[in-house]
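Chains as they are written, first to last, in the working numbering: chain R, 52 to 384; chain L, -19 to 613.
Have a look at the structure below before the remarks.
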Amino acid sequence: MNPQMAPSRKGESEPRRASARPAVELAIDGRTVSVPEGTTILGACRGIGIEIPTLCYLETLRPVNVCRLCMVEVDGSRVLVPSCSRPVEAGMKVHTGTERVRHTRKLVLELLASSVDLSTTPGIDALLQEYGCRPERFGPRAAAADAGVRDGAVAGHHEPPDPRTAATVAQPVKVDNDLYVRDYGKCILCYKCVEACGPDHQNTFAIAVAGRGFEARISTEMAVTLPDSACVYCGNCIAVCPTGALMVRSEFDMRAAGTWDEARQTKTDTICPYCGVGCTLTLHVQDGQIVKASSPLANDITRGNLCIKGRFGWRFVQPRERDGRAREGDACA
Amino acid sequence: MDIRLPEAEPSDEERIAIDALLGPPESAWDGGSRGRSRDSHVSYGGRAARERRHLLLPALQALQARVGWISEGGLGYVCARLSVPPADAWGVATFYALLATEPRPRRVVHVCDDIACRARGARALTAAIESECGAPLPHAENGGHIALDRERPAWMRSPCLGLCDAVPAALVTEAGTSPIERQLGNVTIGLVRSLLAGAAPPKTDGAAEAMVPQRGDPALRLLARAGSVDPTRLDAYRAAGGGKALARALELGPERVIAEVVESKLVGRGGAAFPTGRKWDAVRRQPATPHYLICNADESEPGTFKDRVLLTHDPFAVVESMAIAGFATGCEKGYLYLRAEYPLAHERIGNALSQMRRAGMLGENILGRGVRFDIEIRRGAGAYICGEETAIFESIEGKRGEPRNKPPYPVQHGLFGKPTVVNNVETLANIPRIVLEGGAAFARTGTAQSTGTRLFCLSGNVARPGVYEVACGTTLGALLELAGGVPNGRRLAAILLGGAAGAFVRPDELGLRLTHEDTRAAGVTLGSGVVMVFDETVDLHDAVLRIAAFFRDESCGQCVPCRVGTVRQEEALHRIAGGCARGGVAAELALIDEIGVAMRDGSICGLGQTAYAAVESAVKRLRLFPTAERKKS
Ligand SMILES: Cc1cc2nc3c(=O)[nH]c(=O)nc-3n(C[C@H](O)[C@H](O)[C@H](O)COP(=O)(O)O)c2cc1C
Ligand code: SF4
Ligand code: SF4
Ligand code: SF4
Ligand code: FES
Ligand code: FES
């Protein structure tokens, strides 16, 4: 007997289209709401203007429900429920702001903020403040690990903790190619890049989660450099990373030089000139220079994705003397 | 799929190991000799190869058993044969503690460093090994990179090996053409010294670990044959009454079998205490096919070893029970997911499978009645989390053992996305009696809500450690008496009930009746039947620290509350133990409680949800951490 091919992702059934499905009635914070069957609790909440914070959720990816920030209370459930992945059920009673909900969200934020560098995570400061987080209460941050140490961690073994400090994922930035950097000291392990590189978008499978527990990490095989991996530099992982752990080189360099300033940037949508697909390109321009290219998530066809040319192939536009890094084509692999 | 493979070629040894499992490659595409183009981007046979993804873990285990670690070339060859992206395979290989992704010596002695062994001398043993034979792997100063002589045996610390009745325990693994795997009990420094010097490990026939102190008692049901009937011969099993239940079940038909199981009120013995009949009925009714059965023999909860005794001393009964369960729930295929640390059970179950196939009790036409059912053994590779029912699915499917969020539940969407029934070994072992005697008769033993007998794993400071079978409702004190009580005239200090995911109870709670309803009312759990006894000489703080370390090590790392919460919990406990509590012990305990509540409420699976349970009971039931004065280390 041949076992069936497993669904490509963990425990997933096929994604459902919300429209053209019968309506389901439920109560959210005491309000009666009617939404199409298959809608998630998060979707139903957003539909009536209730904001729920998320980190690992993204409209264009299948939910992995791992960050546990979007938790809500559902009557009859022993534990809290991830709103980003749980479909609504008729008669469900959902509570989005109870003490229990706020407690878990607060702890999730504190646990992350105490172990990960969130300095380039958009919106995180407001959340930490809203939930009254004090990540420093777990103790002063431990020194960063040497390069390669976290990549070589052995499952099931760890050194006894140092009572003076709080463990972190801090480690040197991986700068191994000209196009983008991987700063895993900023990684919250949201799995988005793995999904984008793998089954959800790119189908390249250059990266995966390796190791386990606190030593779990995003990695190429044997932790080889990107040029030695299967990476095709589409940058679609960068587009979904919520923390800036994955960052285009131009932004990384400008931040290091202290010249990156989003307040001075404009965004202009245009069409990628390279091929007939015609992906929408958003050019981020600062002081008359293109500093980054992205693509809008809200495009049904491209869903934020580009290829190496669209994402990185804009440097020829810049006058050579004003960008020391411009060159003939972008050498990568 | 387009896959880019590592440059390194497999060694002959690696190629042989993989080909022995998967058969020779059919074509160059499939990893044959001409398959490596210069840029090493290759396309593969698509669907057919991808459908073999579930063979990834067995393939990695084959490399580990033959070579002792998983090299770049070996990994690449597995990826080529199974059409798995190397990064993905790396993610799987690095998930399991018994797979090495850095060169590791061929022989490794895994010495148990867990709570039951620590209660009886394991710390002294590991300290002695460390001073005489050197530090264990992995060497911290290398950041896990192990560069050393692969012909020189090394040792590692291990979580509970499921041999807590013969402590201290160890497991020897040696890679090679005829690999060695052997579990050893009552380990001494002398034995470890000789093993590290290369001596052959002593043979164990299992008798030493039989440890069924009640053997021969006519009242025994689950243990009736354990230790008294030859576990290697089907005819002996049959002579002792085995095999009749399967024949009877086939006569009754699936609905009647399930009706009897429902009436028996049997609930799961794996920890979650879910009604077995309801689970079976739900799977039986699922229209999607095929259905799968999984016997959960991962048994990695520290202090648990009851399933080992059933698997090694009554293997035919486990297989017969699975056949009945498969028949009743409409499965044609069953998996027995066995923890890697039980080599003798592997051998015995394998033997039982082949003898029962030959006797027509498994296979295409069971007992000539046109019923089809067969069983495959899948072995774990050192990951407690793979005992969680949805993590087992992921593991068998060849992925990282990361639990799934529920719902959907396994009965609808389980292994390979199909309806699946998962049952613990002991749960299944109750089935033959229910089939033969009827559910009502079964339910007459025990209490109204907790029916039948249960196996309890007595370990730690008791006179006669071992697996005991008593009717549900027996008190904790009576059970402790049965095992001879606390020896050497010492005083009982605490009992860990239910395992690391369970709770400590106090000496004044011996009147507790061992039922689901009584334990629930008392705020504790029967869990997997662990009764770990600690006398006054045991350092309970050390036990709590070890439990905290265990959860940190065994967290799959998927969700934030558990991945980081188990780290923060362990750190705070170490601050208290080290006399450097931040803001005082009371403040640390409050912090630990806040973390614990978030882990319980917010984690995906039972591991994170119970990672605070034992710690909480140490704080609140045992009052182990006086808040007035600060504890000195
Ligand atoms: C972290 C974790 C580890 C588990 N390990 C085991 C195990 O080793 N054996 C087992 O039977 N159940 C284990 N369970 C419980 C299973 O998830 C599941 O409930 C059980 O196998 C169902 O069988 P039962 O209904 O017969 O008890 C574990 C659960 C968790 C959360
Ligand atoms: S750049 Fe593209 S191919 Fe490379 S890791 Fe990111 S998503 Fe994968
Ligand atoms: S690198 Fe970014 S996208 Fe990838 S897991 Fe980490 S935080 Fe998420
Ligand atoms: S609770 Fe822990 S073990 Fe369970 S899924 Fe979350 S991280 Fe993994
Ligand atoms: S956003 Fe729902 S769990 Fe991360
Ligand atoms: S075998 Fe050592 S604690 Fe179980």
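Here a beta-carbon is modelled for each residue, glycine too, at the ideal position from N, C-alpha and C.
Computed from a prediction, not measured in an experiment: that's the story for all the values here.
Between proline 116 of chain L and tryptophan 135 of chain L, the beta carbon gap of about 5 Å places them in contact (Cβ cut-off 8 Å).
Closer than 8 Å to the CB of valine 91 of chain L there is not a single CB belonging to chain R. Each residue's CA atom was taken as its position, placing arginine 358 of chain L and alanine 371 of chain L some 13 Å apart. When R/Thr271, R/Phe256 and R/Tyr182 are compared, the shortest CA-CA separation from lysine 225 of chain R is found for R/Thr271.
Contact annotation, glycine 457 of chain L with threonine 427 of chain L: C-beta distance approximately 17 Å; criterion of less than 8 Å not satisfied.
When C-alpha distances from histidine 146 of chain R are compared across R/Leu297, R/Thr83 and R/Pro214, the shortest belongs to R/Thr83. Each of L/Glu(-13), L/Pro282 and L/Thr407 was checked against the Cα of glutamate 52 of chain L, and the nearest Cα belongs to L/Glu(-13). Judged by DSSP in its simplified three-state form, tryptophan 311 of chain R adopts coil rather than helix or strand. Following the DSSP letters along the chain, one finds valine 159 of chain R inside the alpha helix (DSSP H) bounded by residues 150 to 166. Residue L/Tyr57 holds the alpha-carbon nearest to the alpha-carbon of isoleucine -4 of chain L among L/Leu36, L/Glu31, L/Tyr57 and L/Ile(-17). In this structure, the CA atom of glycine 248 of chain L is about 15 Å from the CA atom of glutamate 240 of chain L. Ligand 4 has no heavy atom closer than 7 Å to the beta-carbon of glycine 362 of chain L.
With a threshold of 7 Å, the Cβ atom of phenylalanine 531 of chain L does not count as near ligand 1, since no heavy atom of the ligand is closer than that. Cα atoms of alanine 277 of chain L and glutamate 369 of chain L: separation of roughly 11 Å, rounded to the nearest angstrom. Of L/Ala451, L/Leu525 and L/Phe531, the smallest CA-CA separation from arginine 493 of chain L is found for L/Ala451. With a threshold of 7 Å, the Cβ atom of aspartate 94 of chain L counts as near ligand 6, since some heavy atom of the ligand is closer than that. Taking a 10 Å sphere around the C-beta of glutamine 180 of chain R, we find fewer than 16 other C-beta atoms and assign the residue as exposed.
Neighbours of tryptophan 70 of chain L across chain R, judged by C-beta separation under 7 Å: Ala259, Ala261, Ser270, Glu272 and Met273. Taking C-alpha positions only, cysteine 366 of chain L is separated from glycine 381 of chain L by approximately 6 Å.
For glycine 306 of chain L, there is no enclosing beta strand (DSSP E); the enclosing alpha helix (DSSP H) has its first and last residue at 295 to 309. Secondary structure of methionine 298 of chain R (DSSP, three-state): strand. Looking at the DSSP output, histidine 146 of chain R sits in a beta bridge with R/Glu124. Per DSSP, tyrosine 182 of chain R is not a residue of any alpha helix (DSSP H), being assigned neither H nor E. Scanning its chain for C-beta atoms nearer than 6 Å, with the 5 sequence neighbours on each side dropped, one finds around arginine 205 of chain L the residues Ala220 and Asp294, in chain order.
Against alanine 267 of chain R, the close residues of chain L are Cys536, Gly537, Gln538 and Arg543, in the order they occur along the chain (beta-carbon pairs closer than 8 Å). Alanine 528 of chain L sits in a helix when the DSSP states are folded into three classes.
Where threonine 400 of chain L is concerned, the enclosing beta strand (DSSP E) starts and stops at 400 to 404. Counting only Cβ-Cβ distances below 9 Å, serine 134 of chain R has no contacts in chain L at all, with the closest Cβ about 12 Å away. Taking 3 residues as the minimum length, the beta strand (DSSP E) runs contained wholly in the stretch 470 to 520 of chain L are 472 to 477, 483 to 485 and 510 to 515, in order along the chain.
From the beta-carbon of glycine 89 of chain R, no residue of chain L is found nearer than 8 Å; the closest lies around 13 Å away.
The residue from R/Lys318, R/Asp338 and R/Gln340 with its alpha-carbon nearest to that of threonine 331 of chain R is R/Lys318. Residue side-chain check: valine 147 of chain L places its Cβ nearer than 7 Å to a non-hydrogen atom of ligand 6. Cysteine 282 of chain R and alanine 257 of chain R do touch by the CB rule: their CB atoms are close to 4 Å apart, below 8 Å.
With a 10 Å radius around the Cβ and a threshold of 16 neighbouring Cβ atoms, glutamate 406 of chain L comes out buried. Here the alpha carbon of proline 467 of chain L sits roughly 14 Å from the alpha carbon of isoleucine 475 of chain L.
DSSP, read as helix, strand or coil, puts proline 87 of chain R in strand.
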